[in-house]
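In this note's numbering, the protein residues as written are 6 to 748.
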């Protein structure tokens, strides 16, 4: 559990956030507050801080029996145009950095910061930026919570707060300033129809907490105040409450009430547990990571051990890099990861791109026990400074890389030529969805496709795997996915195109059928709540189950969805090139057959997105062998495949994928992602398999005049323990995952 410094503005939200911290087992050990440079000023023109009522905050230290660190705001808003924040001298955010840095200096055990952020990305991102620079964890337990329920919960939990500013239609300074929130609650809910946020998140009102369960020593009693009218607008007048005199009413039986204080008295009174923080950020030496050049230049590798593949789509494509470990030596994971990251980086540079163009990263490692090392290495390459529009989303799993003679790290990146992506990156721990502390985001939306990070069954506020086995983890993971999807105004129940469900080998075989049942039941239950009008727009998603060696945190299940998020009507109805006159060709002697459909799952969206899962089981491979050379023994094909038989299986896969693309008016040049999963039990080195599929693509290019799929491999080969279309049959010989989008 963590030791927390709480950012307090005096409002109910920051107080309730402290209560949530304690509820989840953390210890609040200090308070931090920012106030105007001039005591006589009630409110600053600030995008970040509530300052109305700042004259009373000094008493919070005594009420709670905690040290209070305060700093006068010297900076101003310098970066309000940008949602994200970078260190900017003179910005008011730097005052928060100086304040929290001093807290950390005086109290080195502090490792987390709580804030009352509910809906403001602007404020949340700036708190997270400061926390990241100081090595602190951001706690925002109110984030994305239903405001009506939240307000009622605060009142129920005995938070006594009064309004100190009103600035919205329906709120009158003369009538509503100084009133308790509990008294105004029903009135605020009635104003919701006018667009009022009942917790005041839209700036409709600000409030000051006078008492709550955390005030163990005393409560605040406001004796005298003045209403200051800032705007007499007839529709939405603006006014603030300026406190003149108050006293503390002690709660300890042995104590008597403190005498009344005027505001001037408190401004000069020296309090033992209040520290005013001076100085500026130029005096602070921020910790910096070791230079990538210093670390990575120590690692050398010969090019012949590196293998690169790339899909051919012009504007959005995948680059994959794996390392052949022909020497069978056990190099450290860090060294192998540096090698593949450097190679990917050089490939990006070669195309005129950088990490900021990357939408998604698959990080495959050989040993999940080295996950921390992998993360530490990863963050030296992919940083928020390099990715100004947001860091890529990511999925990390353990694969049997060493068993296939590969290095300990394998990377696949999805790259976009433009920079129109919308990234959701919440680093704060909250009740909303699992946090992503570091340079990887929950989701990335690009050209109507939502690429979501792999989700574990983590309980968001505790970041601990939920108990109850694989089905409980799966249900929690799906709930987390739904929370992320809602941020993009979509739902996993209606917008999902494709689910990849990674299942750990730690799951008993007998439990796998329950995973399948839970997946189906969850989606079915969610669809019951869809509006009748939207029910017709529900997509029919496809599923791929992948058996892997291990997952982060020893999770049993990880879910990675891709969703469709339609743009506005004007762009959604763009004309798509019609290739309906295209005819399906036959290659290598394969002829269309009814049983081919049993191999295929596909989801085609608005004639512009095509997702395909192609499963080649032992039974299917036997049919392929039989049809290609009818004197082959079917039983032999089912038990094991020779290299020659696998060559024909690879040709069949490519033939069938080509057939699906053509029938649905897609080209190979439309493919963004093409993964070929194979089990380690296949018995052939990855290099041989890569050459086999590459040769088949070359043959297709020559026969079908599809020159663009020649050259370097257009696919990524992924070694797994198993894969299949259901959790109970992850025993495919080859599984193909294809994702295409028309430009």
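Each residue gets a CB set at the ideal place from its N, CA and C atoms; glycine is no exception.
Which residues DSSP lists as bridging residue i, in chain order
| i | result |
| --- | --- |
| residue 7 | Paired residue(s): none; residue 7 is not in a bridge. |
| residue 449 | 428 and 456 |
| residue 168 | 212 |
| residue 563 | 461 and 507 |
| residue 327 | 312 and 415 |
| residue 727 | 552 |
| residue 568 | 455 and 501 |
| residue 367 | 400 and 417 |
| residue 684 | 725 |
| residue 514 | Answer is none; residue 514 lacks a bridge partner. |
Under the three-state DSSP convention, the category residue i falls into
| i | result |
| --- | --- |
| residue 203 | coil |
| residue 5 | Shown here, the chain extends from 6 to 748; a query on residue 5 therefore has no answer. |
| residue 185 | strand |
| residue 127 | helix |
| residue 15 | coil |
| residue 705 | helix |
| residue 312 | strand |
| residue 361 | helix |
| residue 52 | coil |
| residue 114 | coil |
| residue 28 | helix |
| residue 178 | helix |
| residue 77 | strand |
| residue 547 | strand |
| residue 629 | helix |
| residue 96 | strand |
| residue 119 | strand |
| residue 469 | strand |
Member of the options whose CA lies at the smallest distance from the CA of residue i
| i | options | result |
| --- | --- | --- |
| residue 521 | 166, 475 and 198 | 475 |
| residue 430 | 567, 492 and 472 | 492 |
| residue 543 | 89, 310, 69 and 529 | 529 |
| residue 688 | 648, 629 and 12 | 648 |
| residue 468 | 11, 448, 103 and 436 | 436 |
| residue 466 | 36, 481 and 61 | 481 |
| residue 180 | 168, 683 and 424 | 168 |
| residue 236 | 188, 220, 197 and 177 | 177 |
| residue 525 | 536, 513, 534 and 548 | 548 |
| residue 161 | 140, 138, 133 and 190 | 190 |
| residue 749 | 670, 110, 438 and 6 | Only positions 6 to 748 of the chain appear in the structure, and residue 749 is not among them; the question remains open. |
| residue 394 | 10, 87 and 56 | 87 |
Residue interval of the alpha helix (DSSP H) (run including residue i)
| i | result |
| --- | --- |
| residue 281 | Element bounds for residue 281: not the alpha helix (DSSP H) but the beta strand (DSSP E), 279 to 281. |
| residue 744 | No alpha helix (DSSP H) contains residue 744, which is instead part of the beta strand (DSSP E) from 739 to 746. |
| residue 228 | Looking at the DSSP string, residue 228 is not in any alpha helix (DSSP H); the run it does join, the beta strand (DSSP E), is 223 to 236. |
| residue 475 | 475 to 491 |
| residue 786 | Because the chain is modelled from 6 through 748, residue 786 falls outside the range shown and cannot be assessed. |
| residue 144 | Note, residue 144: premise wrong, no alpha helix (DSSP H); beta strand (DSSP E) at 142 to 144. |
| residue 161 | 152 to 161 |
| residue 60 | 59 to 62 |
Residue i, enclosing beta strand (DSSP E) - first and last residue
| i | result |
| --- | --- |
| residue 522 | First-last for residue 522: 517 to 532, but that is the alpha helix (DSSP H), not the beta strand (DSSP E). |
| residue 252 | 243 to 255 |
| residue 349 | Element bounds for residue 349: not the beta strand (DSSP E) but the alpha helix (DSSP H), 338 to 355. |
| residue 38 | 32 to 40 |
| residue 617 | 614 to 621 |
| residue 379 | Per DSSP, residue 379 belongs to no beta strand (DSSP E); it is in the alpha helix (DSSP H), 376 to 386. |
| residue 217 | Segment: none, residue 217 is in no beta strand (DSSP E) and carries neither H nor E. |
| residue 68 | No beta strand (DSSP E) holds residue 68; the alpha helix (DSSP H) holding it covers 65 to 69. |
| residue 607 | 605 to 610 |
| residue 83 | Where residue 83 is concerned, there is no enclosing beta strand (DSSP E), given that its DSSP letter is neither H nor E. |
Neighbourhood of residue i by C-beta, 7 Å cutoff - its chain only, sequence neighbours within 5 removed
| i | result |
| --- | --- |
| residue 552 | 508, 510, 725, 726, 727, 728 and 735 |
| residue 228 | 250, 251, 252 and 265 |
| residue 279 | 63, 66, 73 and 75 |
| residue 359 | 353 and 391 |
| residue 112 | 34 and 35 |
| residue 717 | 313, 314 and 315 |
Sequence-distant residues of the same chain with beta carbon closer than 6 Å to residue i, five excluded per side
| i | result |
| --- | --- |
| residue 572 | 453 |
| residue 681 | 720, 722 and 741 |
| residue 99 | 80 and 286 |
Contact test: residue i Cβ vs the ligand ADP heavy atom, cutoff 6 Å
| i | result |
| --- | --- |
| residue 38 | The ligand ADP is absent from the structure shown, which contains no ligand whatsoever. |
Chain-order list of residues whose beta-carbon lies under 8 Å from that of residue i (same chain, five-residue window excluded)
| i | result |
| --- | --- |
| residue 103 | 76, 282, 284, 285, 286 and 289 |
| residue 184 | 167 and 168 |
Interface flag, residue i vs chain B, CB-CB below 7 Å
| i | result |
| --- | --- |
| residue 121 | In summary, chain B is missing from the structure at hand, where a single protein chain is found. |
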